[in-house]
Each structure stands twice: as structure tokens, then as C-alpha cells.
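K.L.:
Supplied in C-alpha cells, the structure appears directly below.
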Amino acid sequence: MTKQWNSETIEILLAAQGIRLAPGRAEKIANALNAATVSGSLPLEFESDPTSYVLALERCKAK
Amino acid sequence: MSDPASLSLAAAAQALRERRISSRELADACLARIARWQPRINAFISVEQDAANEGVPLAHKDMFYRKGRVSNCGSRIRRGWVARETSTALLRLDAAGMLQIGTLNMAEFAYGPTGHNDHWGDCRNPWNPEYIPGGSSSGSGAAVAARLVFGALGSDTGGSVRIPAAACGVSGLKTTWGRVSRHGAMPLSHSLDTIGPLARSAEDCALLLAAIAGHDPLDPVSSREPYVGKISNSGFRIAISTAWIERNVEPEVAAAVLAAAGALRSGGAQLLEAAPPDFATLSAHCITVMQAEASAQHARWMRERPGDYSSAVRARLESGFAVPAAAYLEALRLRGTWLERFCATTLSAADFYLLPAMKIRVPTLEQTGARGGADMPALLGEVTRLTRWVNYLGVPALVIPCGFDSRGLPIGLQLVGRPFAEAILLAAGHAFQRETDWHQRVPVS
Numbered sequence: 001m002t003k004q005w006n007s008e009t010i011e012i013l014l015a016a017q018g019i020r021l022a023p024g025r026a027e028k029i030a031n032a033l034n035a036a037t038v039s040g041s042l043p044l045e046f047e048s049d050p051t052s053y054v055l056a057l058e059r060c061k062a063k
Numbered sequence: 064m065s066d067p068a069s070l071s072l073a074a075a076a077q078a079l080r081e082r083r084i085s086s087r088e089l090a091d092a093c094l095a096r097i098a099r100w101q102p103r104i105n106a107f108i109s110v111e112q113d114a115a116n117e118g119v120p121l122a123h124k125d126m127f128y129r130k131g132r133v134s135n136c137g138s139r140i141r142r143g144w145v146a147r148e149t150s151t152a153l154l155r156l157d158a159a160g161m162l163q164i165g166t167l168n169m170a171e172f173a174y175g176p177t178g179h180n181d182h183w184g185d186c187r188n189p190w191n192p193e194y195i196p197g198g199s200s201s202g203s204g205a206a207v208a209a210r211l212v213f214g215a216l217g218s219d220t221g222g223s224v225r226i227p228a229a230a231c232g233v234s235g236l237k238t239t240w241g242r243v244s245r246h247g248a249m250p251l252s253h254s255l256d257t258i259g260p261l262a263r264s265a266e267d268c269a270l271l272l273a274a275i276a277g278h279d280p281l282d283p284v285s286s287r288e289p290y291v292g293k294i295s296n297s298g299f300r301i302a303i304s305t306a307w308i309e310r311n312v313e314p315e316v317a318a319a320v321l322a323a324a325g326a327l328r329s330g331g332a333q334l335l336e337a338a339p340p341d342f343a344t345l346s347a348h349c350i351t352v353m354q355a356e357a358s359a360q361h362a363r364w365m366r367e368r369p370g371d372y373s374s375a376v377r378a379r380l381e382s383g384f385a386v387p388a389a390a391y392l393e394a395l396r397l398r399g400t401w402l403e404r405f406c407a408t409t410l411s412a413a414d415f416y417l418l419p420a421m422k423i424r425v426p427t428l429e430q431t432g433a434r435g436g437a438d439m440p441a442l443l444g445e446v447t448r449l450t451r452w453v454n455y456l457g458v459p460a461l462v463i464p465c466g467f468d469s470r471g472l473p474i475g476l477q478l479v480g481r482p483f484a485e486a487i488l489l490a491a492g493h494a495f496q497r498e499t500d501w502h503q504r505v506p507v508s
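Residue numbers (my numbering), protein chains in the order written: chain A, 1 to 63; chain B, 64 to 508.
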């Protein structure tokens with residue numbers, strides 16, 4: 001699905017968090033978000049959570 | 064003795080132990096060089112002329128807190144802020160006989176890869192002040208390269224130790240996430256932040272790492288993994304993506320890096336061709352995590368005083384407020400799987416992966432600053448293209464100089480290892496530096 005970020009949605013999103021954007025920034029952020037792609041994603045196990053990274057560090061260390 | 068400031072950290076420490084030189088003589092030699100170089104490169108934020116303690120003179124990025132002293136963090140917002148406690152890394156260096164003689168310039172809140180700083184003045188490359196020193200540990204790279212101190216601490220969240228090391232021609236170690244306590248160091252992105260040394264050689268980096276590594280109850284993610292500093296230094300198995308380097312890296316950089324790989328092979332290492340990691344995807348995940356965490360860290364100041372940030376850092380922080388929470392958490396959930404894939408595929412049977420620190424030659428301050436034009440954002444992306452992915456995986460990486468380009472700017476070699484394999488990287492760097500003299504070249508003021 002094509003992403004639909006635009007300057008208005010960015011302004012609303014940041015204003016809701018109390019952030020005042022510098023002039024001209026909303027459009028740049030929207031363009032960057034629409035252009036951002038992650039091409040090589042891996043299958044994500046349903047059970048994985050961010051803390052599983054610590055276990056991976058342990059498993060991957062040099063023996 | 065010739066200029067004491069020309070000694071390595073290892074040699075200076077030994078001379079001090081054997082009372083062949085005094086701490087005052089070492090400090091005076093450094094202070095004389097600082098007086099000569101500071102107007103040219105703006106590496107220092109503060110200089111301590113009459114340090115009372117004894118030790119080998121170091122200075123650190125202006126984000127490591129020392130009780131009762133100012134840490135400006137490269138910013139206007141924290142200008143004059145006095146720390147209430149001392150960072151664990153500084154306490155450990157004090158205990159190891161090191162002396163802090165100043166604080167060093169850095170990117171505002173460590174959030175920039177070039178060395179620009181609107182509040183404290185740009186730091187400049189000692190090899191040529193028109194060029195970037197790299198960031199965010201800009202002063203650390205520049206001060207070590209110009210032999211103003213024997214070593215310095217930096218922090219690395221997306222390349223902030225390694226890019227200055229590469230651009231300034233010094234050795235810099237990005238440590239495994241959790242290897243060094245971050246207590247008392249300014250945070251940027253807690254999932255990615257690491258602390259590491261910049262010094263004149265891999266051997267000097269090893270001495271500093273031995274001092275600062277280890278568990279700290281004040282940093283709950285600091286590891287209990289022991290640091291064993293001595294590794295046999297021959298017979299390394301090195302993964303390399305030769306064809307990728309030839310196709311994607313600027314020719315002068317590629318030639319120097321491939322020549323370095325050849326030198327390591329001549330010294331007994333085995334080169335193993337490997338598919339490169341998915342740099343683009345790993346970098347994208349790194350950016351997602353960094354932006355979300357940095358913006359959350361700065362949320363209060365971004366609401367209350369956004370005008371006190373430079374326009375570049377404010378823009379980076381604004382972007383983070385638009386990162387969807389689900390995207391941030393998905394990047395973190397994928398992190399362990401990507402790490403295991405890197406170790407199983409790119410590294411496979413190798414001890415470490417060899418690649419350039421930067422795929423391009425060192426750019427100028429003008430090219431990468433506000434007047435850089437339409438190409439500037441893409442150029443900044445090129446500067447960090449080969450470093451950010453390492454922070455996402457959380458693994459260690461050593462950068463050492465491996466040549467100079469036709470303009471006289473340094474070229475950096477990067478060795479990326481498994482988690483907690485710093486000693487292997489440092490041993491390989493030391494082996495390389497015993498056979499080459501790139502790390503001994505000094506810029507002329």
C-alpha cells in the first residue's frame with residue numbers, strides 16, 4: 001500500500017505531542033516517511049520481543 | 064627525550080611508571096601543542112592548565128560528567144550545566160592513572176556525523192581545516208590526531224567514534240553494546256549508545272578499554288562478560304566482500320582498504336569472501352530506533368525551547384516524533400534475528416568482517432553543512448552508510464588508518480566482530496600497525 005503522509009498529517013501528529021515544527025519541516029518529514037522503505041525485512045516470530053536481543057548477543061559471542 | 068607528546072599512550076604510561084618523565088612534563092608538552100593547534104582546529108571546549116592529579120594526559124568529549132564540572136554536551140541548552148556525579152568511565156580512567164586535562168568539542172547532543180557545531184564553533188580536521196573531522200566525537204578525533212592528548216573517550220550511536228577516527232587518521236573502537244558503562248554519560252539513544260576510546264594506535268585503545276570495560280551496577284545493561292585483552296595475533300580469518308567494495312566504494316578508498324586486506328593476508332591471515340550485510344535495511348532500522356529514542360529523550364526541551372537547538376539538530380529531532388511506535392518496536396524485535404543472521408552468514412567461520420569505515424573520501428565542512436546544497440542530505444547518508452548498521456547489531460568495530468587519499472586526507476579501515484570480541488579486533492589492528500606506519504603519521508600545524 002502506498003504511504004499517504006502529507007504535511008498536514010505531520011503537523012497534526014506533532015502538534016498532538018506538543019511539538020512546534022520549524023517552517024517548511026512538515027512537508028520534508030512527510031516526504032521522507034513516504035520515501036522510506038525497508039526492503040530486506042526478516043520474518044518476525046510472533047513470540048519475539050525487544051528483550052530477545054540480549055539472548056542473541058549471548059548466543060553470538062565469540063567462543 | 065624528544066617531544067614527550069609524540070609518545071604513544073603505552074610508552075608515556077611506562078615512562079611515567081619508571082619515573083623517566085613526570086606527569087607535569089607530559090601535561091606541559093600537551094598544553095604547548097594545544098596552544099598551537101586550538102586556533103586552527105577548535106578541538107577543545109575547556110583546558111585545565113593546572114591539573115592537580117598525576118597521570119597520562121587525556122581529554123574527553125564534553126558529555127562525560129565529572130562532579131562539580133561543566134558538561135555542555137555541545138549545546139546551548141546545557142551551556143554551563145554542572146554535573147552532580149562523575150561518570151563511571153571517568154572514575155575508572157582516574158583509577159588507571161589517567162589525567163583529564165580538558166573537555167572536547169562535539170556535535171550538539173552527539174546528534175551529527177560531521178563536526179559542525181553552531182553553538183561552540185565547528186571542529187576542523189587537523190590534516191586540512193577545510194574538511195570535516197567527523198562526528199559526533201569530533202574533538203576527540205582531532206585532538207588525538209594532532210597529538211594534543213594521548214587518548215580520548217567518545218560515544219558511538221551511529222558511527223560517532225569511528226567516523227572521527229577515520230577522518231582524522233586515528234584508531235577508534237566502537238564497543239559492544241553493554242561492554243562499557245554509560246552511567247554519567249549524556250544519553251542519545253539508549254538501545255544504541257556505546258562508549259569507546261580514540262587513541263594513536265590499537266594498542267593504546269586496548270589499554271583504555273581495559274580500564275573502562277566491565278559491569279557497573281549503575282548501568283543496568285552493562286555486561287558481566289569479562290574483557291580478556293590478550294589474543295594471539297596471527298592466523299585471523301577475515302570475511303570480506305571484495306567485489307562489493309570494488310563496485311560501491313570510491314576508488315581511492317577501495318584501493319587502500321583492499322591493500323590493507325592484502326597486508327593482513329601477507330601477515331598470515333586468511334581472507335574469506337562473504338556476501339555483504341544488508342546495509343540499507345540495517346541502517347534504516349538503526350535510524351528508526353535512533354530517531355524515536357533521541358526524540359523521546361529530548362521531548363521536554365523540544366516542547367519548551369525548540370529555538371535553542373541548531374536548525375539541523377532540531378530537524379533531526381522533529382523527525383523522530385513522526386516515527387510510529389509500532390515501527391520502532393518492530394525494529395527492536397527484529398534486532399536479535401538480524402544479529403544472528405550476520406554472525407551466521409557474513410561472518411560464518413570468520414573472526415571479523417573487514418570493510419571501509421566510510422565509502423567516500425572525507426568531505427569538506429562546506430559540502431556537509433547548511434550551504435551544502437541539494438546534495439547535502441545524500442552526502443551525509445554516505446558518511447554514515449557503513450557505520451550505522453553496526454550500532455543496530457550492537458557488535459564491536461575497530462577503525463584504524465590504512466592510507467591517505469590524493470588530497471592528503473586519511474582513509475579508515477573498519478573491522479567488525481562478534482559481540483564482545485573487542486580483543487580480537489584490537490589484536491588484528493595491532494598486528495596491522497606493526498607492519499604499517501599509517502597510524503604514526505602526524506599532521507603538521
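Glycine residues also receive a C-beta, built at the ideal position from the N, C-alpha and C atoms. Quick caveat, the model's predicted, so the values are computed rather than measured.
Rounded to whole angstroms, how far is the Cβ of B/A326 from the Cβ of B/E498, which I believe are closer than 8 Å?
P.N.:
Between B/E498 and B/A326 the Cβ distance is about 6 Å, and since that is below 8 Å, they are a contact.
K.L.:
Give a yes or no on whether 9 Å exceeds the smallest Cβ distance from B/E381 to chain A.
P.N.:
Yes, B/E381 counts as interfacial toward chain A.
K.L.:
Is B/R448 close to chain A? Criterion is C-beta to C-beta, closer than 9 Å.
P.N.:
It does not; no Cβ of chain A falls within 9 Å.
K.L.:
Going by DSSP, what residue range makes up the beta strand (DSSP E) through B/Y455?
P.N.:
Element bounds for B/Y455: not the beta strand (DSSP E) but the alpha helix (DSSP H), 451-456.
K.L.:
Starting from the Cα of A/P43, find the closest Cα among B/V119, B/Q496, B/L397 and give me that residue.
P.N.:
Closest by alpha carbon: B/L397.
K.L.:
Is the CB-CB distance between B/L472 and B/I463 below 9 Å?
P.N.:
No. Outside cutoff.
K.L.:
In this structure, what does DSSP give as the bridge partners for B/E193?
P.N.:
Answer is none; B/E193 lacks a bridge partner.
K.L.:
What residue range does the beta strand (DSSP E) around B/I164 cover?
P.N.:
Note, B/I164: beta strand (DSSP E), 161-167.
K.L.:
Spell out whether any CB of chain B is found under 9 Å from the CB atom of A/S7.
P.N.:
It does not: the Cβ of A/S7 has no partner Cβ on chain B nearer than 9 Å.
K.L.:
Counting Cβ pairs, one atom from each stretch, are 3 or more of them under 8 Å apart for the stretch 437-448 of chain B and the stretch 213-226 of chain B?
P.N.:
Yes: the two stretches touch, three or more of their Cβ pairs being nearer than 8 Å.
K.L.:
Taking B/L489 as the reference, give the member of B/K237, B/S138, B/A357 with the closest Cα.
P.N.:
With distances taken between Cα atoms, B/L489 lies closest to B/K237.
K.L.:
Quick one: what's got a C-beta closer than 6 Å to B/A332's C-beta in the same chain, skipping five residues either side?
P.N.:
Here the set comprises F299, I301.
K.L.:
Pick helix, strand or coil for B/P482, following the three-state DSSP scheme.
P.N.:
Looking at B/P482 - three-state DSSP - the assignment turns out to be coil, as it is neither helix nor strand.
K.L.:
Rounded to the nearest angstrom, what separates B/W452 and B/G480 at their Cα positions?
P.N.:
One C-alpha to the other measures close to 13 Å.
K.L.:
Determine, using beta-carbon pairs with one atom in the stretch 193-200 of chain B and one in the stretch 153-160 of chain B, whether at least three such pairs fall under 8 Å.
P.N.:
Not touching, per the Cβ criterion.
K.L.:
Exposed or buried, what is A/G18 when buried is set at 16 or more other beta-carbons lying within 10 Å of its beta-carbon?
P.N.:
Burial call: exposed.
K.L.:
Within 9 Å of any Cβ in chain A, is that where the Cβ of B/I487 sits?
P.N.:
With 9 Å as the cut-off, B/I487 counts as an interface residue toward chain A.
K.L.:
Please classify B/H123: does DSSP put it in a helix, a strand, or coil?
P.N.:
Looking at B/H123 - three-state DSSP - the assignment turns out to be strand.
K.L.:
Excluding the 5 residues flanking A/E11 on each side, which residues of the same chain have their C-beta closer than 8 Å to its C-beta?
P.N.:
The answer, listed in chain order, is L21, A26.
K.L.:
Mind listing which residues of the stretch 355-377 of chain B have their C-beta closer than 8 Å to chain A's C-betas, in chain order?
P.N.:
Result list: A362, M365, R366, P369, S374, R377.
K.L.:
Check whether the Cβ of B/P482 lies closer than 9 Å to any Cβ atom in chain A.
P.N.:
So yes, B/P482 belongs to the interface.
K.L.:
Can you tell me the Cβ-Cβ gap for B/I108 and B/N168, rounded? I've got them flagged as a contact below 8 Å.
P.N.:
So it is a contact: roughly 6 Å between Cβ atoms.
K.L.:
Can you tell me where the alpha helix (DSSP H) holding B/S203 begins and where it ends?
P.N.:
Its alpha helix (DSSP H) spans residues 201-208.
K.L.:
Using the Cα positions of B/A412 and B/A152, report the straight-line distance between them to the nearest angstrom.
P.N.:
Near 34 Å, if we compare the C-alpha coordinates of B/A152 and B/A412.
K.L.:
Using the beta-carbon count (16 or more within 10 Å), is B/E381 buried or exposed?
P.N.:
Buried is the call here.
K.L.:
Under 8 Å between beta-carbons, which chain B residues line up against A/I147? List them in chain order, please.
P.N.:
Because residue 147 of chain A is not part of the residues shown, which for chain A are 1 to 63, the question remains open.
K.L.:
Is it buried or exposed for B/Q360, if we count other Cβ within 10 angstroms and need 16 for buried?
P.N.:
With 16 or more Cβ atoms within 10 Å of its Cβ, B/Q360 is classed as buried.
K.L.:
At a CB-CB cut-off below 7 Å, which residues of chain B make contact with A/A35?
P.N.:
Correct list: empty, because the minimum Cβ distance to chain B is about 11 Å.
K.L.:
Is there contact between the stretch 260-268 of chain B and the stretch 281-290 of chain B, where contact requires at least three CB pairs shorter than 8 Å?
P.N.:
Touching, no, given that fewer than three Cβ pairs across the two stretches are closer than 8 Å.
K.L.:
Can you check whether the C-beta of A/E27 is within less than 9 Å of a C-beta belonging to chain B?
P.N.:
Output row for A/E27: interface = no.
K.L.:
Should A/A62 and B/D414 be called a contact, given that it needs their Cβ atoms to be closer than 9 Å?
P.N.:
Yes, the Cβ-Cβ distance between A/A62 and B/D414 is below 9 Å.
K.L.:
Can you check DSSP and say which residues form a bridge with B/S218?
P.N.:
B/I258, per the DSSP bridge assignment.
K.L.:
Taking DSSP as the reference, what is the three-state secondary structure of B/L418?
P.N.:
Residue state, collapsed to three classes: strand.
K.L.:
Going by DSSP, name the residue or residues bridged to B/S234.
P.N.:
Paired residue(s): B/A262.
K.L.:
So, does the CB of B/A347 fall closer than 9 Å to a CB anywhere in chain A?
P.N.:
Yes, its Cβ sits closer than 9 Å to a Cβ of chain A.
K.L.:
Is there at least one Cβ from chain B nearer than 9 Å to A/Q17's Cβ?
P.N.:
With 9 Å as the cut-off, A/Q17 counts as an interface residue toward chain B.
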